[in-house]
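Peer 1: Residue numbers (the numbering used here): 32 to 178.
After the structure tokens below, expect a handful of questions from me.
Below, the structure written as structure tokens:
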């Protein structure tokens, strides 16, 4: 009897609370929902294209910046090499007592100095002043006044 009562209650419950045969069905899209979906799709595509352009633009700018920095580094290295070469030529000319040659190299070094940052120019100025003194002293020894 308990089983019969339980079976009756269970059967009634199933009939009352949705034991129907209908499956959940999606409604067919309407023209309005299709239009809204297309608008969302177009906005998403536009947004992604904008992001893509921004990324490409940023990448291009980064490449330009890297290229510019590379060029500046090469230019700075060339300048440093030229200045070291001239400095060596000045020393050699002074050792060989070729004071006119040394003076020409000093002038070339002075011309390059303006391309240096201000803090480096002060160091070069000191070296140039020392070279000018040595040139003047050497010329004075080679051509004593009054002889």
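We put the CB at the ideal spot given by N, CA and C, even for glycine.
As the structure is a prediction and not an experimental result, all values here were calculated from the model.
Identify the continuous alpha helix (DSSP H) that holds residue 154 and give its terminal residues.
Peer 2: Its alpha helix (DSSP H) spans residues 149-173.
Peer 1: Please confirm if the stretch 162-177 is in contact with the stretch 115-131, defined as three or more CB-CB distances below 8 angstroms between the two stretches.
Peer 2: Contact holds: three or more Cβ-Cβ distances are below 8 angstroms.
Peer 1: Grab the span of the alpha helix (DSSP H) containing residue 133 for me, first residue to last.
Peer 2: Note, residue 133: alpha helix (DSSP H), 130-144.
Peer 1: Contact defined as beta carbons within less than 8 angstroms: I believe residue 163 pairs with residue 137. What is the distance between those atoms, to the nearest angstrom?
Peer 2: With a Cβ gap of about 6 angstroms, residue 163 and residue 137 count as contacting.
Peer 1: Nearest to residue 144 by CA position, among 61, 122, 165, 118, is which residue?
Peer 2: Residue 118 is the option with its Cα nearest to residue 144.
Peer 1: DSSP on residue 68, reduced to helix/strand/coil?
Peer 2: Helix.
Peer 1: Between residue 159 and residue 140, how many whole angstroms is the CB-CB distance? I'm expecting something under 8 angstroms.
Peer 2: So it is a contact: roughly 6 angstroms between Cβ atoms.
Peer 1: Using the Cβ count rule (16 or more neighbours within 10 Å means buried), how would you classify residue 68?
Peer 2: Flag for residue 68 reads exposed.
Peer 1: Tell me the rounded alpha-carbon separation between residue 151 and residue 120.
Peer 2: Distance between the alpha carbons of residue 151 and residue 120 is about 20 angstroms.
Peer 1: What would DSSP say about residue 61, mapped onto helix, strand or coil?
Peer 2: Residue 61 falls in the coil class under three-state DSSP.
Peer 1: Let me know the secondary structure DSSP gives residue 127 once reduced to three states.
Peer 2: Three-state DSSP puts residue 127 in coil, outside helix and strand.
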